[in-house]
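Order-wise, the sequence lines are chains C and Z.
So for the first sequence, the working numbering puts the first residue at 165; every next one is plus one.
So for the second sequence, the working numbering puts the first residue at 37; every next one is plus one.
Backbone N, C-alpha and C define an ideal beta-carbon position, used for all residues, glycine too.
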Amino acid sequence: MKIGIPRALLYYKNEKLWTKFFDELGIDYIISPETTKETIENGSKYAIDETCLPIKIFLGHIDYLKDKCDYIFLPRIERAQDRETCLNFRAQYDLVKNAFRDYNLNILFYNDMGHKEHKEEKAFKKLCKYLHIKKSIGKYAYKIAKQTQMYYEMFRSENQENILKSTKKPKVLILAHAYNIGDKYIGEPIIHMLEKLGVQPIIAEYFDHKKCVKESNKVTKTLPWSYNRHLVGALELYKDAVDGAVILTTYPCGPDSMCNDMMVRDYKDIPLITLTIDAQDGSAGLETRLESFTDILNYKRNNNNE
Amino acid sequence: MKGYLGIDIGSISTKGVVIDEDLNIVASEYLWTEGDPMGAVKRLLKVLENQLKDKDIKIVSVGTTGSARKLIGVMTNASVVKNEITAHAVGTTTLHPDVNTIFEIGGQDSKIIIIENGYVTDYAMNTLCAAGTGSFLSSQAHRLGVTVEEFGEIALKSQHPTNIAARCTVFAESDLVHKAQIGHSKEDIIAGLCKAVVTNYLNNIGKGKKFRPPIVFQGGVSKNVGVKKAFEDAVGHEVIVDKNGHLMGAFGVAVLAKKSGIEKDFSFDVADIKFRTTGFDCPKCANHCEIVCVFKDDKLIDSWGNKCDNGTVKIN
């Protein structure tokens, strides 16, 4: 049995949890390769106009996996830190089932729904039952995988804090969802551009999720989406530690359209720019914006030092 | 005397300015790019060379800005290649040192630059949509049968500007047709359009920002007195339009070239050298980057467009 994991969307949130889980069980899996222009083109064929870019990318990864494995792994995750996720994540299963109806795909999924405690563990338990894996073995594999994911996140978060303290370069907080900043086609070029301009990118996504979501309560009581809360919380927590912030968003993102506007209006003391990425080519617009943005940060720094 | 050349190559127009050591403009030209930045710059250089004929100016440094800055920077051996936002800000603050807010509406883009004590502290640019920029105004002028040049004057005659939906160009256009059909006068509609451009600008680009005077309004649309007046009505302050407002980017980058202190050989003969660019799709991975190579007299001098090292073109 071979399981295909699409390198898209929630993979970037649960990478270690998923891979370690299958590692522990000795199940063979493949992860689709990094996103390229081709991935987006292939994905767009299965999507309607209004779907957001990350979903098009996601469908492109499914397209790659569709004839290379026995099962495609697509968990349904409804909540994180007791806040909602985007509807698109909950619809993944149905979306793929429908868009790829001609291919008879086998979809392997766990259903992480509801408000109860240990709901994730229960979801994995059901998954094991479906795969005819002994309860105790499945439970153990989950524990190990969960721990690995936890340590990985802790390490990432500490690493960011260290960079924040030690670097002398201007620091820019990148406010972007995991699947955007982690993506080789969307996020990586932005990180490279900033580094080339002599700026240290600080990635909001890498900070501790729990802490950020908690902090976001100070800013807004009503914002429903967990992952957006993470970004708002990160901005609130680190706004004084960085020189500026870049909001990186993909078009068209529903949650971001509300949340980004709120951040732009509420945080006036810190230089902020919004970059909207569509499937367009040509990085000239991005370069112009990032270059002038770093000019501002440098002027400000020199001004304060004088 | 030493001179500094600044070139601003936009999508629609190409601007060139030569300044002397005291930052006075000694030569300037504004012409259409016509989709051929290299050809436009060659024409520009010819004109500037003519203007400088009787003056004792030797150009020691070149700066380029605008969307084709990189290409033209390679062509002219530029010391400074700078984005248009910084260039505009430098240009305007040099001429108006006390400016706090710059409104700019060009042919296809619009931006706002906020300045404190001579330094840019914030800016915003239009994103995916070109609503309310110069090209929108010119197409609507055409629809109404007036030229862009007389547009502003007609708008000033209106007593009761018509309300036109400003959020989106497509809606604005259908709204405009509707208002004309139900009998609003032409001047009212034209004034309404100017107002719509301003409302759109302030809502989209200027959202959440404070507009502190003095305010300078520049870019092609600043020549339209109707839009200028609509800005003044909406903001409640006087809005300054500089007579050299359309040259500000070129002027700014010339100032930056001077400030950089880097002096490089430059000769107007560049206009006669054959430059050629070719583009190809890199076959080495699935990204298919479009790579551009620049040739000077059939010798490769630069290339760009690659996302990774695989696509690097060797330069001999």
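### Query
What is the DSSP secondary structure of C:T384, counted as helix, strand or coil?
coil
### Message
Just list the residues that DSSP pairs Z:L336 with in beta bridges.
### Response
Z:F331
### Task
Closer than 7 Å by C-beta to C:A263: which residues in its own chain qualify, once you throw out the five before and the five after it? Chain order, please.
Y210, L223
### Task
Kindly indicate which three-state DSSP category C:N275 falls into: helix, strand or coil?
strand
### Query
Per DSSP, C:L436 is paired with what?
C:A409
### Query
What is the DSSP secondary structure of Z:S97, reduced to helix, strand or coil?
strand
### Query
For C:G207, which residues of its own chain have a beta-carbon under 6 Å away from its beta-carbon, when the five flanking residues on both sides are left out?
K220, I221, L223, G224
### Query
Is the distance from the Cβ of Z:I43 to the Cβ of Z:I108 below 9 Å?
yes
### Message
Give me, in chain order, the residues of the same chain whose beta-carbon lies closer than 7 Å to that of Z:C329; leave out the 5 immediate sequence neighbours on both sides.
### Response
T313, T314, L336, S339, V349
### Task
Note down, one range per segment and in chain order, each beta strand (DSSP E) of at least 3 residues found wholly within the segment 185–220 of chain C.
192–195
### Message
Short of 6 Å in beta carbon distance, which residues of its chain neighbour C:I355, apart from the five on each side in sequence? Order them along the chain.
### Response
P365
### Query
Of all the options Z:D308, Z:Y237, Z:T130, Z:I200, which has the alpha carbon lying nearest to the alpha carbon of Z:K295?
Z:T130
### Query
What residues in the segment 226–239 of chain Z bring their beta carbon closer than 8 Å to a beta carbon of chain C?
none
### Message
Could you compute how far the alpha carbon of Z:A76 sits from the alpha carbon of C:K403?
### Response
45 Å
### Task
Name, going along the chain, the residues of the segment 455–466 of chain C whose beta-carbon falls closer than 9 Å to a beta-carbon of chain Z.
E455, S456, F457, D459, I460, Y463, K464, N466
### Message
Taking a contact to mean a Cβ-Cβ separation below 9 Å, would you say C:F237 touches C:P170 in this structure?
### Response
yes
### Query
Would you say Z:Y40 reaches chain C, if we count a Cβ-Cβ gap shorter than 9 Å as a contact?
no
### Query
Around the Cβ of Z:V257, are there at least 16 other Cβ atoms within 10 angstroms (buried) or fewer (exposed)?
buried
### Task
Specify the secondary structure class of C:G397 as computed by DSSP and reduced to three states.
helix
### Task
Write down every uninterrupted run of the alpha helix (DSSP H) in the segment 241–306 of chain Z whose length is 4 residues or greater and which is fully enclosed by it, in chain order.
261–271, 284–296
### Message
Quick check on Z:E140: does DSSP put it in helix, strand or coil?
### Response
strand
### Task
Taking only beta carbons into account, state which residues of the segment 314–348 of chain Z come closer than 9 Å to chain C, listed in chain order.
C321, A322, N323, H324, C325, E326, G341, K343
#### Entry: CB contact check: Z:V213 to chain C, cutoff 9 Å
no
### Task
Determine the burial state of Z:Q254: buried for a count of at least 16 other Cβ atoms within 10 Å of its Cβ, exposed for fewer.
buried
### Query
Rounded to the nearest angstrom, how far is the Cβ of Z:G341 from that of Z:I351, given a contact under 8 Å?
The pair is not a contact, with the Cβ atoms about 14 Å apart (cut-off 8 Å).
### Message
At the level of alpha carbons, what is the spacing between C:E242 and C:I437?
### Response
30 Å
### Message
Give me the DSSP bridge partner(s) of C:A244.
### Response
C:R247
### Task
Determine, using beta carbons only, whether Z:I141 and Z:Y237 come nearer to each other than 9 Å.
yes
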